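Residue numbers for the sequence shown follow our numbering, so the first one is 234 and each next one is one higher.
Presented below is the structure to which this report refers.
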Amino acid sequence: MAMQGNLLLKSKVGLSATHGFTSYEAGIDGLLKQTGLKSKEELHEMITNIIRKKILLPDCDKRNLKILKAVKVILKDESRAYKAGGTAERNYINSKIKKYQNSGEQASISQNITKAEMLAQLYNEAIVILKKEIRHQKTNKVKSFFGLKPKDYHIKPEPPTSTRRVMTEEEIREMDLPKEILDELNIK
Numbered sequence: 234m235a236m237q238g239n240l241l242l243k244s245k246v247g248l249s250a251t252h253g254f255t256s257y258e259a260g261i262d263g264l265l266k267q268t269g270l271k272s273k274e275e276l277h278e279m280i281t282n283i284i285r286k287k288i289l290l291p292d293c294d295k296r297n298l299k300i301l302k303a304v305k306v307i308l309k310d311e312s313r314a315y316k317a318g319g320t321a322e323r324n325y326i327n328s329k330i331k332k333y334q335n336s337g338e339q340a341s342i343s344q345n346i347t348k349a350e351m352l353a354q355l356y357n358e359a360i361v362i363l364k365k366e367i368r369h370q371k372t373n374k375v376k377s378f379f380g381l382k383p384k385d386y387h388i389k390p391e392p393p394t395s396t397r398r399v400m401t402e403e404e405i406r407e408m409d410l411p412k413e414i415l416d417e418l419n420i421k
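Listed below in structure tokens is the structure:
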């Protein structure tokens with residue numbers, strides 16, 4: 234799904250998103266450091282932009298509401314799974330480290346959060362934003378029921394950087410195209 238893929242990319246946990254520890258502790262501060270953002274508002278704005286660019290359809294409030302509710306359920310399920318898996322992984326690794334410490338080896342228990350738990354935190358933040366977007370879609374639905382113009386929250390994609398332009402015959406000749414193509418274009 235587009236939402237999960239974009240959140241996974243923005244989390245910067247790497248290719249092994251469900252194995253290992255991050256460099257940061259649990260909490261919103263660790264999540265902000267992991268994603269490279271400065272504030273919670275910036276994180277929420279990033280998630281809002283993902284939702285509005287990648288998920289919302291223009292002028293489809295009823296369909297958008299259904300899509301957002303489904304995405305919220307999926308993210309809740311994923312968040313629970315990542316949190317449980319990350320906690321189990323941390324407990325397992327810490328128990329192995331304790332065994333090494335008891336045998337006289339030098340090892341320290343990591344106080345940092347696992348990558349899976351970090352993703353669970355990010356998904357929980359996304360769920361908060363999804364709830365706000367669902368509220369917006371519900372108000373749009375009520376507005377359209379009463380004949381008022383609903384606000385379109387969809388962010389239109391930016392046009393491609395390269396635009397079409399007509400090439401002159403001189404530019405085409407300079408391209409060193411095969412003779413068959415030049416004949417097809419009626420350029421001599």
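Yeah, the Cβ is synthetic: ideal placement off N, Cα and C, and Gly gets one too.
Model, not experiment: these values are computed from the prediction.
Tell me, which residues are paired with residue i by DSSP?
i: F378; result: Looking at the DSSP assignment, F378 forms no beta bridge with any residue, so it has no partner.
i: T281; result: Paired residues: none, contrary to the question.
Is DSSP giving residue i helix, strand or coil here?
i: T347; result: strand
Among residues of its own chain, excluding the 5 on either side of residue i, which ones have a beta-carbon nearer than 7 Å to its beta-carbon?
i: I300; result: I288
i: D294; result: Q370, N373, K374, S377, P383
i: N345; result: F254, T255, S256, Y257, E258
Who are the Cβ neighbours of residue i in its own chain at under 6 Å, not counting the five residues just before and after it?
i: G319; result: T347, A349, E350
i: Y315; result: A349, L352, A353
Can you find the residues in the same chain that come closer than 8 Å, C-beta to C-beta, to residue i, ignoring five residues on each side of it along the sequence?
i: L290; result: R296, N297, I300, H387
At least 3 beta-carbon pairs within less than 8 Å: the stretch 274-288 vs the stretch 367-382:
Contact between the stretch 274-288 and the stretch 367-382 is absent, because fewer than three Cβ pairs lie under 8 Å.
Would you be able to state if there are at least three C-beta pairs under 8 Å between the stretch 343-352 and the stretch 306-321?
Taking 8 Å as the limit for Cβ pairs, the verdict is that the stretch 343-352 does touch the stretch 306-321.
I'd like the ranges of any alpha helix (DSSP H) spanning at least 4 consecutive residues and lying wholly in the stretch 282-329.
Every candidate alpha helix (DSSP H) stretch fails here, since none sits fully inside the stretch 282-329 while reaching 4 residues.
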